[in-house]
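Q: Right, I'll just put the structure down here and ask away after.
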Amino acid sequence: MIKNNKPPVAKKSPVQLEKHNDIRVDDYFWMNERDSPEVLSHLEEENRYYNEMTAHTKAFQAELFEEMKGRIKEDDASVPYKHNGYWYYRRFETGKDYPLYCRKEGNLDAPEIIVFDNNEMAIGHSYFSQASYSVSEDNTIAAYGIDTVSRRQYTIRFKNLVTGEILNTEIKNTTGGAVWANDNKTVYYSRKDEETLRSNQIFKHTLGTDPSEDVLVYQEDDETFYTYVFKSKSKKYILIGSDSTMTSEFRFASAARGTTDFKVFQERTRGLEYAVSHYDDAFYIQTNKDKATNFKVMRTPEYQTAMQHWEDLIPHREDTLIEDVEIFKEYLVISERSNGLNKIRIKSWDDSVDYYLPFDNETYDAYPTTNIDFDTHILRYAYNALNTPASVVDFDMKTQEKTVLKEQEIMGENFSKDNYKMERIWAPAQDGAKIPISIVYHKDTVLDGNAPLLQYAYGSYGSTIDPSFSSIRLSLLDRGFIYAIAHIRGGEYLGRKWYEDGKLLKKKNTFTDFIDVSKFLIAQNYTSSKHLYAYGGSAGGLLIGAVINMAPELYNGVIAAVPFVDLVTTMLDDTIPLTTGEYDEWGNPNDKEYYEYMKSYSPYDNAFAKAYPNILVTTGYHDSQVQYWEPAKWVAKLRENNISNNQIIFQCNMDAGHGGASGRFEALKEVAQDYAFLLDLEGITK
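Put into structure tokens, the structure is as follows:
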């Protein structure tokens, strides 16, 4: 990496931020002036510097891109699923970035009908995303959402599937999804607050009417909640959900025709979480009621939905987290997690059958996929592992026979999963807990402490990072890198308590767990501090920021993607998207106790004089989740305080948002940039 170029020097314009009689001085607060010439100029200078500092890797980036692209089956297609008389699937064409959404009537030998060609729809847009689409019960109209800015504010449109006509109707500022009533003319959708982007309203739209006439069905006034709408798998009910981090509430109404008369299922009670499925004459509830930390499944009659009527169906277990339930006519399918591993349980309604699908790897990823049909014995699920490409399987719950419908094909080279070793090991945390680590590496990689290792984690919101396969990752493994997923607290890999012990006033466990994993990997001779790298994105970027403040000496380089790093300032600004809904995750800094705790680890507030490792920070100018100015300010402050000779470089994609570039190939170019950064630090040039 080039060492002699001078990075941009951001101007300092101190702003005093006072709370609880505590004053923080933010020298770079001016960067949040979106679209100002000064901000745009600064970001352009940062991108110029990034390009200069990485110019020597451009050819290598191109090679990596072609290599990763070469593993992809370009003319690939998803496994079709049947719904309401049609087979639906998605396919790609060679050389094209975006999918085609298709269907066939009756059987798979019928002529293909292209419902949407995203390649055509994306023409003229630097960013394009189509939300999933929904089709009316009579199969004639499709509702779909489009975002061409990357702010996750979708415009819903309608297509006549008989004539191919795109209707004139446009419903703006939505989450992108639309739910059909059974009358084929009414749709329900979620609208967002224009400023905070919180989905706070449910509207009813009738085909053929102006969206200005749409009827407000429900408004969520609590700023810590967001709301959404869906139809039960039985097609009998439309349900409106309201969720915060630790509380749920649902409303329901008949799906027969467009109605505004929704009944509360069970009124919100702080700390009570529940999810609802419908079958026959009853509702089935996945809930933490009665201190069921890892959740249980309960049943209640269709017309007695208040929780005093709920009865246990599958009781709570201390060692097993219930993650989801899937309703079929004759079976209940429960997705569980025990000791970190996915388990799929099949249980018949008459209790004559109760068994688990067999999985024998020490670490893997398995989960039900598209199961729209209600009256079927077939469960569709996906399976993969760190060294095993994904497969889609149809499992007959009656005969217990399985049919592999598709295995991910790795193109271009003689891939064999036997070339890669996979392990799960456990690192001791400083408080005595055991932290699981999923590891994969090429069989020829020598574990003598000299191998480069990329350590990844997320560690927030109870989100579990399962050990899944990546053909892209082979570009690192084949060059001698070890890849390790640290299943740290803040996720739910080891159950709900694992999450509870990594949030709010226990959040620092997330960071110390990551550091303890790094120390363990070094002690066990997987790598050394000269060859250890860390990666995290969004809340995982906050993790990276906190870790390099606490233990910068452990890493040779880190990548922080769209990092949430100015925690206190953001959480004090309730006009910023998502802020109020995050209080139960991070704490509300309007409370002094939470303010002081958050300030003690916020990466931006704790960037002091340190010998920082090499750092690559990436963001998107239109990011709706983490505003671009957080990483921009953080980079300026890191450079100001860095006492090492290591490089801190920053790239802002001016066309993208939180998820990066759209299109499967454009996204690969961003991965190639990240990998080139890591490989360059290792002196690997091809």
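Heads up: the sequence shown begins at 1 in UniProt numbering, then just goes up one per residue. Ideal Cβ positions, reconstructed from N, Cα and C, are used throughout, including at glycine. As the structure is a prediction and not an experimental result, all values here were calculated from the model.
What is the rounded straight-line gap between the Cα of P463 and the Cα of T163?
A: In the sequence under discussion, the amino acid at residue 463 is Ser, which differs from the Pro named in the question. Roughly 43 Å between the two C-alpha positions.
Q: How about R545 and V626: do their beta carbons lie closer than 9 Å?
A: The sequence as given places Gly at residue 545; Arg does not occur at that position. No, Cβ-Cβ distance for G545 and V626 is not below 9 Å.
Q: Can you find at least 3 beta carbon pairs, one from the stretch 243-261 and one from the stretch 203-220, that sit closer than 8 Å?
A: Yes, since at least three Cβ pairs between the stretch 243-261 and the stretch 203-220 fall closer than 8 Å, the two stretches touch.
Q: Does the distance from the CB of N182 to the CB of E120 come in under 9 Å?
A: Not closer than 9 Å, so no.
Q: Do three or more CB pairs link the stretch 238-250 to the stretch 208-227 at distances below 8 Å?
A: Short answer: they touch.
Q: Label E273 either buried or exposed according to how many other C-beta atoms from any shown protein chain fall within 10 Å of its C-beta, with 16 as the threshold for buried.
A: Counting Cβ neighbours within 10 Å, E273 comes out buried, since at least 16 surround it.
Q: Using C-beta distances below 6 Å, list every residue in its chain close to F677, excluding the 5 sequence neighbours before and after it, in chain order.
A: Result list for F677: L616, in chain order.
Q: Please list the terminal residues of the continuous beta strand (DSSP E) segment that includes Y154.
A: From DSSP, the beta strand (DSSP E) with Y154 extends over Y154 to N160.
Q: In the structure shown, what three-state DSSP assignment does R198 receive?
A: Here R198 sits in coil by DSSP.
Q: Where does the unbroken beta strand (DSSP E) through E423 begin, and where does it stop?
A: Y420 to P428 is the span of the beta strand (DSSP E), which, as asked, contains E423.
Q: Taking DSSP's pairing of strands, which residues face W87 in a bridge?
A: According to DSSP, which records beta bridges pairwise, W87 is partnered with K82 and K104.
Q: Can you tell me whether H442 is helix, strand or coil according to DSSP?
A: It is a strand residue.
Q: In angstroms with no decimal places, state the Cα-to-Cα distance between E670 and C652.
A: Rounded to whole angstroms, E670 to C652 spans 11 Å at the Cα level.
Q: Under 9 Å between the Cβ atoms of E93 and E74?
A: Yes, these two residues count as a Cβ contact at 9 Å.
Q: Between the beta-carbon of D516 and the beta-carbon of A385, is there less than 9 Å?
A: No, the Cβ-Cβ distance between D516 and A385 is not below 9 Å.
Q: In three-state terms, what does DSSP make of F520?
A: Of the three classes helix, strand and coil, the one that applies to F520 here is helix, per DSSP.
Q: Would you give the residue range spanned by the beta strand (DSSP E) that N342 belongs to?
A: Segment L341 to S348, the beta strand (DSSP E) holding N342.
Q: Would the beta-carbon of S199 fall within 9 Å of that of E220?
A: Yes.
Q: CA-CA distance, Y303 and D281?
A: Between Y303 and D281, the C-alpha separation is close to 8 Å.
Q: Determine the contact status of T619 and T196, defining contact as a CB-CB distance below 9 Å.
A: For T619 and T196, no; Cβs fall outside 9 Å.
Q: Tell me, which residues are paired with N653 by DSSP?
A: Paired residue(s): G620.
Q: For F283 and E401, what's the separation of their Cα atoms in angstroms?
A: If you take the alpha carbons of F283 and E401, they lie about 29 Å apart.
Q: Nearest by alpha-carbon distance to I425: which of S438, A59 and K503 is it?
A: Measuring from the Cα of I425, the nearest candidate turns out to be S438.
Q: From the DSSP output, in three-state form, read off H658 for me.
A: Residue confidence for H658 is low, a pLDDT of 49 falling below 50, so the modelled location carries little weight and cannot support an answer.
Q: Rounded to a whole number of angstroms, what is the C-alpha to C-alpha distance between Y601 and G70?
A: Rounded to whole angstroms, Y601 to G70 spans 42 Å at the Cα level.
Q: Do the stretch 435-449 and the stretch 394-414 make contact, defined as three or more Cβ pairs closer than 8 Å?
A: Segments in contact, no.
Q: For A451 versus Y458, is the C-beta spacing smaller than 9 Å?
A: Cβ distance not < 9 Å, so A451 and Y458 don't count as in contact.
Q: By how many angstroms is the C-alpha of R191 removed from the C-alpha of Q201?
A: Going by the C-alpha atoms only, they are around 5 Å apart.
Q: Since Y226 is in the beta strand (DSSP E), which residue starts that stretch and which ends it?
A: Taken as a continuous stretch (DSSP letters only), the beta strand (DSSP E) holding Y226 covers Y226 to K231.
Q: Do L532 and Y555 have their CB atoms nearer than 9 Å?
A: Yes. Within cutoff.
Q: Would you say A131 and K159 are within 9 Å of each other, going by their C-beta atoms?
A: Cβ atoms of A131 and K159: not closer than 9 Å.
Q: Is K11 helix, strand or coil by DSSP?
A: Residue state, collapsed to three classes: coil.
Q: Given V264, which residues of its chain have a CB within under 6 Å of its CB, disregarding the five upstream and five downstream residues?
A: R251, listed in sequence order.
Q: What three-state label does DSSP hand A142 in the structure shown?
A: Residue state, collapsed to three classes: strand.
Q: Under 9 Å between the Cβ atoms of I548 and A539?
A: In this structure, A539 does not lie closer than 9 Å to I548 by Cβ.
Q: Please classify R337: does DSSP put it in a helix, a strand, or coil?
A: Three-state result, R337: strand.
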